[in-house]
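Take a look at the structure below.
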Amino acid sequence: QMNFTGDQVLRVLAKDEKQLSLLRDLEGLKPQKVDFWRAPARPSLPVDMRVPFSELKDIKAYLESHGLAYSIMIKDIQVLLDEEREAMAKSRRLER
Amino acid sequence: STSSFSYSSYHTLEEIYSWIDNFVTEHSDMVSKIQIGSSFENRSILVLKFSTGGSQRPAIWIDAGIHSREWITHATGIWTAKKIVSEYGKDPVLTDILKAMDIFIELVTNPDGFAFTHSMNRLWRKNKSTRPGIFCIGVDLNRNWKSGFGGNGSNANPCSETYHGPSPQSEPEVAAIVDFITTHGNFKALISIHSYSQMLMYPYGKSLEPVSNEKELYYLAKDAVKALHEVHGIHYIFGSISTTLYLASGITVDWAYDSGIKYAFSFELRDTGRYGFLLPATQIIPTAQETWMAILTIMEHTLKHPY
Chain A
21 QMNFTGDQVL RVLAKDEKQL SLLRDLEGLK PQKVDFWRAP ARPSLPVDMR
71 VPFSELKDIK AYLESHGLAY SIMIKDIQVL LDEEREAMAK SRRLER
Chain B
202 STSSFSYSSY HTLEEIYSWI DNFVTEHSDM VSKIQIGSSF ENRSILVLKF
252 STGGSQRPAI WIDAGIHSRE WITHATGIWT AKKIVSEYGK DPVLTDILKA
302 MDIFIELVTN PDGFAFTHSM NRLWRKNKST RPGIFCIGVD LNRNWKSGFG
352 GNGSNANPCS ETYHGPSPQS EPEVAAIVDF ITTHGNFKAL ISIHSYSQML
402 MYPYGKSLEP VSNEKELYYL AKDAVKALHE VHGIHYIFGS ISTTLYLASG
452 ITVDWAYDSG IKYAFSFELR DTGRYGFLLP ATQIIPTAQE TWMAILTIME
502 HTLKHPY
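Residue numbers (the numbering used here), protein chains in the order written: chain A, 21 to 116; chain B, 202 to 508.
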């Protein structure tokens, strides 16, 4: 199983098309630095992106330097995954 | 048996396939299992058929899990299947629908990707196809359909999450559905269930051009999200994919619409604003309950507007 410890999901609210295209530019980076959970669509819709722990500093600096407002939607993905896995195991025990 | 199955938990592919066998056995008077093909890694692609008689009746298609990390969609599909057999004969709307039409549900549209989310990468989206000379794995199955294939809103880069694949219907998971629906020839509605972002959308994704019955689809979507909201107060937005979300080419509902299925919808189920694809299992049943009311609204409209 891939481990996502420290990975975060950032929710970015782009003000306009220009800011949306700045986010789209992130998609083309090699190697992939962000995984869009909600891809840039229109200014009225939030953009959610998973950022690997190793890229967090750079990506947050990129967002801040371009005036892109963001919040942390998921602080540590692995914590939620561990909870999900535990819930499945518990349910399996109950089903048995 | 299905009575010990927990509908408020997530399950593995094996557990779902085992549930399908039990479910069909327990409801063999109405439910049958059809294998419509095999996935790239040679897993069975299964469809549940709900029928109360007749042959080649007008039909409704529902699929879940085309993007494998969207676990709430498979779980919602399973709950919906159970709801259909438990409400038939009780709910007058559903009973009328099943007296005149068949319902087909594909619970795991991307079995290879779904198995991979359990074994290796919980956040995997695409299928698992590989081709000589291509470094990255997988095609986005919701960009591999013939309608608008390769257009804006899909990607030719095999490493992209929206990679459309080498050609339309190149992926066995898509080709199997195309063959089945085309051969059947009498599907009147198609509902493709995704997550997340609480939207109910209809064609087109490939262009901003409105479809010929756009007004009908707009008001049907409006009624459906109203019925959904009344269950647990969850708000959805609705409209055509290209005007509500973004341009997306080679997608299921555009292909369905261009194949003559006038009532084609795509759901983006809840996340309640903070979990994304990792929606806690405690929200499976509330999500399924509200989605059911929207699906029933669409199915009832299809029944009452034969074409």
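Note that the Cβ used here is the ideal one computed from N, Cα and C, for glycine as well.
Here B/H395 is bridged, per DSSP, to B/E469. Inclusion of B/G406 and B/S450 in the CB contact set at 9 Å is warranted, their separation being smaller than that value. By the criterion of a C-beta distance shorter than 7 Å, A/P60 is surrounded in its chain by A34, L40, L43, R44, V67, once the five residues flanking it on both sides are discounted. A straight line joining the alpha-carbon of B/F224 with that of B/T498 spans about 25 Å.
Between the segment 315-334 of chain B and the segment 409-429 of chain B there are fewer than three inter-stretch CB-CB distances shorter than 8 Å, so the stretches are not counted as touching.
Taking 9 Å as the CB threshold, B/G477 lines the interface with chain A. Contacts between B/N322 and chain A, judged by CB atoms closer than 8 Å, involve Q21, M22 in chain order.
Here the alpha carbons of B/E374 and B/T384 stand approximately 16 Å from one another. When the beta-carbon positions are compared, B/W262 and B/F388 come within less than 9 Å of each other. Segment contact: the segment 300-307 of chain B against the segment 246-266 of chain B, three or more CB-CB distances shorter than 8 Å; contact assigned. Relative to the Cα of B/M231, the nearest Cα in the group B/S209, B/F206, B/K300 belongs to B/K300. Residue pairing by DSSP puts B/G440 in a beta bridge opposite B/M402. In this structure B/A377 touches B/I237 by the C-beta definition: roughly 5 Å separates them, less than 8 Å.
The contact set of A/L114 on chain B, defined by CB atoms closer than 8 Å, consists of S207 in chain order. Take B/S348, set aside five residues on each side of it, and the residues of its chain with a beta-carbon closer than 6 Å to its own are D455, W456, D459, in chain order.
Shown here for B/I273: same chain residues with a beta carbon closer than 7 Å to its own, the five before and five after excluded, namely S396, L470, L480, I485, T488 in chain order. B/I435 sits in coil when the DSSP states are folded into three classes, being neither helix nor strand. B/V340 and B/L409 have their C-alpha atoms roughly 25 Å apart.
Annotation: the continuous alpha helix (DSSP H) that includes A/K80 extends over 76-85. For A/R58, the uninterrupted beta strand (DSSP E) run begins and ends at 55-58, by DSSP. Beta-bridge partners assigned by DSSP to B/M321: none are found. Ranked by how close their Cα comes to the Cα of B/E491, the residues B/P333, B/N356, B/F336, B/L401 have B/L401 in first place.
Straight through space, the alpha carbons of B/H365 and B/K234 are spaced by roughly 29 Å. Along the length of the segment 307-353 of chain B, whole alpha helix (DSSP H) runs at least 4 residues long occupy 312-320, reported in chain order. Take B/R344, set aside five residues on each side of it, and the residues of its chain with a beta-carbon closer than 6 Å to its own are S355, T363, H365, G451, in chain order. Here DSSP, grouped into helix, strand and coil, assigns B/G366 to coil. Proximity of chain B to A/V29 at the Cβ level (cut-off 7 Å) is accounted for by G477, in chain order. Judged by DSSP secondary structure, A/R70 falls within the beta strand (DSSP E) whose first and last residues are 67-71. Rounded to whole angstroms, the separation of the alpha carbons of B/H430 and B/M494 is 9 Å.
Neighbours of A/R44 in chain B, taken as residues at a C-beta separation under 9 Å, are lacking, since the least C-beta distance is about 10 Å. For B/Q257, the closest C-alpha among the options B/S393, B/A428, B/K463, B/G386 is that of B/G386. A/S85 and A/L46 have their C-alpha atoms some 14 Å from each other. Looking at A/E115, A/L30, A/L101, the one whose alpha-carbon comes closest to that of A/Q21 is A/L101.
For chain A, the residues of the segment 445-458 of chain B that bring a beta carbon within less than 7 Å of one of its beta carbons are L446, Y447, in chain order.
Against chain A, the beta carbon of B/Y437 has no neighbour under 9 Å; the closest one sits roughly 13 Å away.
One alpha carbon belongs to A/S111, the other to A/Q28, and they sit about 27 Å apart.
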